[in-house]
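Protein chains: 2
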Amino acid sequence: MNAEIIAVGSELLTPERVDTNSLWLTQRLNELGVEVTQKSVLGDDRDRLAGAITGALQRVPLLILTGGLGPTEDDITREAVAQALHRRLLFSAEICQWIEEIFTSRGRKMAETNKRQAFLIEGAEMLPNPNGTAPGQWLDLPGGIVIILPGPPREMRPMFEDACLATLRERLPKLHIRTRFYRVAGIGESDLDAMIAPIYKPYANPVTTILAAEGDIQVHLRARGDTAEAADALAGELGNKILAELGERVYSTNGDPLETVVGQMLRARGATLAVAESCTAGLLGGRITEAPGASAWFLGGFQVYGTAMKTRLLGLDEKRVAEHGVVSEAIAIAMADSARDRTGATYALSVTGEAGPDSATPGIEPGTVWIGLASPEGVAAKRFLFPKGRQRVRKFAVQTALNMLRQQLQ
Amino acid sequence: MNAEIIAVGSELLTPERVDTNSLWLTQRLNELGVEVTQKSVLGDDRDRLAGAITGALQRVPLLILTGGLGPTEDDITREAVAQALHRRLLFSAEICQWIEEIFTSRGRKMAETNKRQAFLIEGAEMLPNPNGTAPGQWLDLPGGIVIILPGPPREMRPMFEDACLATLRERLPKLHIRTRFYRVAGIGESDLDAMIAPIYKPYANPVTTILAAEGDIQVHLRARGDTAEAADALAGELGNKILAELGERVYSTNGDPLETVVGQMLRARGATLAVAESCTAGLLGGRITEAPGASAWFLGGFQVYGTAMKTRLLGLDEKRVAEHGVVSEAIAIAMADSARDRTGATYALSVTGEAGPDSATPGIEPGTVWIGLASPEGVAAKRFLFPKGRQRVRKFAVQTALNMLRQQLQ
Numbered sequence: 012m013n014a015e016i017i018a019v020g021s022e023l024l025t026p027e028r029v030d031t032n033s034l035w036l037t038q039r040l041n042e043l044g045v046e047v048t049q050k051s052v053l054g055d056d057r058d059r060l061a062g063a064i065t066g067a068l069q070r071v072p073l074l075i076l077t078g079g080l081g082p083t084e085d086d087i088t089r090e091a092v093a094q095a096l097h098r099r100l101l102f103s104a105e106i107c108q109w110i111e112e113i114f115t116s117r118g119r120k121m122a123e124t125n126k127r128q129a130f131l132i133e134g135a136e137m138l139p140n141p142n143g144t145a146p147g148q149w150l151d152l153p154g155g156i157v158i159i160l161p162g163p164p165r166e167m168r169p170m171f172e173d174a175c176l177a178t179l180r181e182r183l184p185k186l187h188i189r190t191r192f193y194r195v196a197g198i199g200e201s202d203l204d205a206m207i208a209p210i211y212k213p214y215a216n217p218v219t220t221i222l223a224a225e226g227d228i229q230v231h232l233r234a235r236g237d238t239a240e241a242a243d244a245l246a247g248e249l250g251n252k253i254l255a256e257l258g259e260r261v262y263s264t265n266g267d268p269l270e271t272v273v274g275q276m277l278r279a280r281g282a283t284l285a286v287a288e289s290c291t292a293g294l295l296g297g298r299i300t301e302a303p304g305a306s307a308w309f310l311g312g313f314q315v316y317g318t319a320m321k322t323r324l325l326g327l328d329e330k331r332v333a334e335h336g337v338v339s340e341a342i343a344i345a346m347a348d349s350a351r352d353r354t355g356a357t358y359a360l361s362v363t364g365e366a367g368p369d370s371a372t373p374g375i376e377p378g379t380v381w382i383g384l385a386s387p388e389g390v391a392a393k394r395f396l397f398p399k400g401r402q403r404v405r406k407f408a409v410q411t412a413l414n415m416l417r418q419q420l421q
Numbered sequence: 012m013n014a015e016i017i018a019v020g021s022e023l024l025t026p027e028r029v030d031t032n033s034l035w036l037t038q039r040l041n042e043l044g045v046e047v048t049q050k051s052v053l054g055d056d057r058d059r060l061a062g063a064i065t066g067a068l069q070r071v072p073l074l075i076l077t078g079g080l081g082p083t084e085d086d087i088t089r090e091a092v093a094q095a096l097h098r099r100l101l102f103s104a105e106i107c108q109w110i111e112e113i114f115t116s117r118g119r120k121m122a123e124t125n126k127r128q129a130f131l132i133e134g135a136e137m138l139p140n141p142n143g144t145a146p147g148q149w150l151d152l153p154g155g156i157v158i159i160l161p162g163p164p165r166e167m168r169p170m171f172e173d174a175c176l177a178t179l180r181e182r183l184p185k186l187h188i189r190t191r192f193y194r195v196a197g198i199g200e201s202d203l204d205a206m207i208a209p210i211y212k213p214y215a216n217p218v219t220t221i222l223a224a225e226g227d228i229q230v231h232l233r234a235r236g237d238t239a240e241a242a243d244a245l246a247g248e249l250g251n252k253i254l255a256e257l258g259e260r261v262y263s264t265n266g267d268p269l270e271t272v273v274g275q276m277l278r279a280r281g282a283t284l285a286v287a288e289s290c291t292a293g294l295l296g297g298r299i300t301e302a303p304g305a306s307a308w309f310l311g312g313f314q315v316y317g318t319a320m321k322t323r324l325l326g327l328d329e330k331r332v333a334e335h336g337v338v339s340e341a342i343a344i345a346m347a348d349s350a351r352d353r354t355g356a357t358y359a360l361s362v363t364g365e366a367g368p369d370s371a372t373p374g375i376e377p378g379t380v381w382i383g384l385a386s387p388e389g390v391a392a393k394r395f396l397f398p399k400g401r402q403r404v405r406k407f408a409v410q411t412a413l414n415m416l417r418q419q420l421q
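Protein chains in written order, with the numbering used here: chain X, 12 to 421; chain R, 12 to 421.
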């Protein structure tokens, strides 16, 4: 089955805003075996929107609209759908009372304009909104279904999941989707694709998607089958081949980010981590502590951005720093060593590099980063040359440092 | 004048990808006084796309398509436009030779499939592509204009700027756009709107847009006028009223982010900055060093995430920490004081709080953050309660710390 999605709101036609509801909805629809064949964004113009609705219903049996359900004059989705379908809008005393109660429970009085939200399109079923005052609407037409959802994601998502998903699933031909999701580090996107393209290309089902961020690649497999078992077998067959080829480059098969995986490894060993950061200036510590509960394995560290801080906070020998230069193997090693020593952590990571855009260090190309790792087994450092761009270099450095620790812990 | 934008590509209908070309194009079109009334995304399906093109040309006099100009069978934009307009596709030996030369200059041979890119829609003008092999096309129709651009932004943007902008400007009624752009900190979005809505609401021109991130609000004004002077006078009139109302909450009128503004203030005073970070664990240092050249004012600091690190790295008294609790005024003050002392910086910022999602500190509500500031004039700390969400709390804390320093420096 095919579907179209229309996002409504003049703010979504400005250079600043993008409709992301349709991404989330597409994911849910794909899982039901529904393909999205067109997405549109329209402003708060009733006639234009009514025209777009009429057009969409000539093409597809399922149309989902998001947004334009608020209480103001600008919110015209209800009116536009009614106009396109030549149906009336009917005031529902029941919905009005329900909205009034929301206001009362918040200790406020319902404004007169909120009555606009109590109008249902003739023949529509009301979709309750657990997180706001705008109810959604579900319309069964002779030729298809129209679903109207509010714009704010925290209202739209639970409404779709609680009030639409089960009914849609019942109406649709049975189709089962099973997925695999691998996160990969320590390899570039094109190298990864060269490795696994010969494996996944012969498969039209599962569909393989590769997404790359700085030093972090995601491989998605989506298999369709008549039964859940058939879909799972297909996903597993291709998935296992890809896993075998990528080996320990795969750091997560359940979606966990790298800092969580590393944190779990440290926790399982009763080990702790410290950092010493020059060019990343704290980003590595910030990343490690994105996971709640990180205090079980992350102690802290040193932001030694200025050269003098390497001496002052970490006790590095001033002459040695001058001799080797701050972006060097010797300094990366000394930083990791000292951070481990001064914090009492089991492991310490250090980062020193030239993030650019210009080189502040003569002879050091922007993108050059030394990463050090001190552990009970000793200390070592590796040199990397990351793709240009100040923030990119720093993100690559953080991801790569975490991956070095993961490899050490394996 | 109104315009529509159609982005072509099946990958743009997956849950992972979003069309961003239309944001850039909308910005350019708005500057020309053109309003975008609908944006659509379609996959690589010729009939569907031809239908969408026919529909758009019934509504607006300017249609821009992006994507689907590659050399493969999937790339069907040329064919779809020809089909919608009932025009033929004509092979251009000249374009073919131009594409061949690109391959030759890269030391490669043109593939047979690239010949597809040498077909022009009857009556179209070729738009040269300085960054790729896909030429664009410009079509003058009795009722309007169709512009076809490649999908990759680095090909699309220069093509539009170099080959389309001047012609469009000539054809359009003369309209001048002038803007104002204010960045604001230290106030919430709804409080800000309550302050300035009575000022900007009476103005239909300039158009006012407010965008909010964690602790960082942007106010955009866009004024239209028959002359540049008229537009600028309008933008200035409203802008000055808003500036007067917001006062020193406005930290930037040229788009500079807060870390750049603070960095410039420190540099102008020959002053330096250090940090001591608990719940942010390095994010403040990471943010300060997003600006290149930050080593002129940022020294470094301490990531004292674990409680023991506050004693070990900053020398805080263990009993005092236990007595006050780590999330307290006394500890925020002691952290800032010690960081300033141990680094020798002119100023030091400290952050200690409960980012959540759960409270690790009995009696401390998640979202509670103490921010300390030590300066030559003394040391003080302030308590904040930020909206829930671990990453949100941490981003708010970073922004608020920088803003405290800005206010101190003013």
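We treat Cβ as the ideally placed atom computed from N, Cα and C, and that holds for glycine.
Paired residues, beta bridge with residue i - DSSP
i                      : result
residue 231 of chain X : X:192 and X:220
residue 137 of chain R : R:148
residue 165 of chain R : Bridge partners of residue 165 of chain R: none, in fact.
residue 288 of chain R : R:314 and R:362
residue 77 of chain R  : R:18 and R:160
residue 332 of chain X : Answer by DSSP bridge pairing: none, since residue 332 of chain X is not bridged.
residue 382 of chain X : X:362 and X:393
residue 46 of chain R  : R:13
residue 52 of chain X  : X:18 and R:50
6 angstroms Cβ shell around residue i - same chain, five flanking residues per side excluded
i                      : result
residue 359 of chain R : 285, 347, 350, 351 and 385
residue 141 of chain R : 169
Test item: CB-CB of residue i and residue j under 8 angstroms
i                      : j                      : result
residue 217 of chain X : residue 234 of chain X : yes
residue 288 of chain R : residue 326 of chain R : no
residue 340 of chain X : residue 381 of chain X : yes
residue 410 of chain R : residue 225 of chain R : yes
residue 387 of chain R : residue 357 of chain R : yes
residue 91 of chain R  : residue 113 of chain R : no
residue 379 of chain R : residue 337 of chain R : no
residue 17 of chain R  : residue 36 of chain R  : no
residue 324 of chain X : residue 315 of chain X : yes
residue 154 of chain X : residue 68 of chain X  : yes
Residues of its chain near residue i, where Cβ-Cβ distance is below 7 angstroms and the 5 sequence neighbours each way are ignored
i                      : result
residue 81 of chain R  : 145
residue 139 of chain R : 146 and 174
residue 270 of chain R : 298, 299, 301, 302 and 413
residue 38 of chain X  : none
residue 59 of chain X  : 53
residue 6 of chain X   : Limits of chain X in this structure are 12 at one end and 421 at the other, which puts residue 6 of chain X out of reach.
residue 305 of chain R : 274 and 299
Residue range of the alpha helix (DSSP H) that includes residue i
i                      : result
residue 25 of chain R  : That residue, residue 25 of chain R, is in no alpha helix (DSSP H); it is neither H nor E in DSSP.
residue 259 of chain X : Counting along the chain, residue 259 of chain X falls outside any alpha helix (DSSP H), and DSSP gives it neither H nor E.
residue 60 of chain R  : 57-70
residue 303 of chain X : No alpha helix (DSSP H) holds residue 303 of chain X; DSSP gives it neither H nor E.
8 angstroms CB neighbourhood of residue i in its chain, flanking five on each side removed
i                      : result
residue 254 of chain R : 193, 261 and 264
residue 46 of chain X  : 12, 13, 14 and 40
residue 249 of chain X : 191, 210, 211, 214, 217, 219, 232 and 234
residue 403 of chain X : 225 and 397
Range of the contiguous beta strand (DSSP E) that encloses residue i
i                      : result
residue 131 of chain R : 130-132
residue 186 of chain R : Segment: none, residue 186 of chain R is in no beta strand (DSSP E) and carries neither H nor E.
residue 101 of chain X : 100-102
Using Cβ-Cβ distances below 9 angstroms, what residues of the stretch 315-339 of chain R are close to chain X? 315, 316, 317, 318, 319, 320, 321, 323 and 324
According to a CB-to-CB cut-off of less than 9 angstroms, which residues of the stretch 125-141 of chain R neighbour chain X? none
May I ask you to list, following chain order, the residues of the stretch 199-223 of chain R that have a beta carbon less than 8 angstroms from some beta carbon of chain X? Within the stretch 199-223 of chain R, the qualifying residues are 220 and 222.
Give, in chain order, every residue of the stretch 399-412 of chain X whose Cβ lies closer than 8 angstroms to some Cβ of chain R. 401, 402 and 405
Within 8 angstroms of chain X by C-beta, residues of the stretch 59-81 of chain R in sequence order: 59, 62, 63, 66 and 70
Just by C-beta distance, which residues in the stretch 41-53 of chain R are closer than 9 angstroms to chain X? 41, 46, 47, 48, 49, 50, 51, 52 and 53
Given a limit of 7 angstroms on CB to CB distance, which residues of the stretch 260-281 of chain R reach chain X? none
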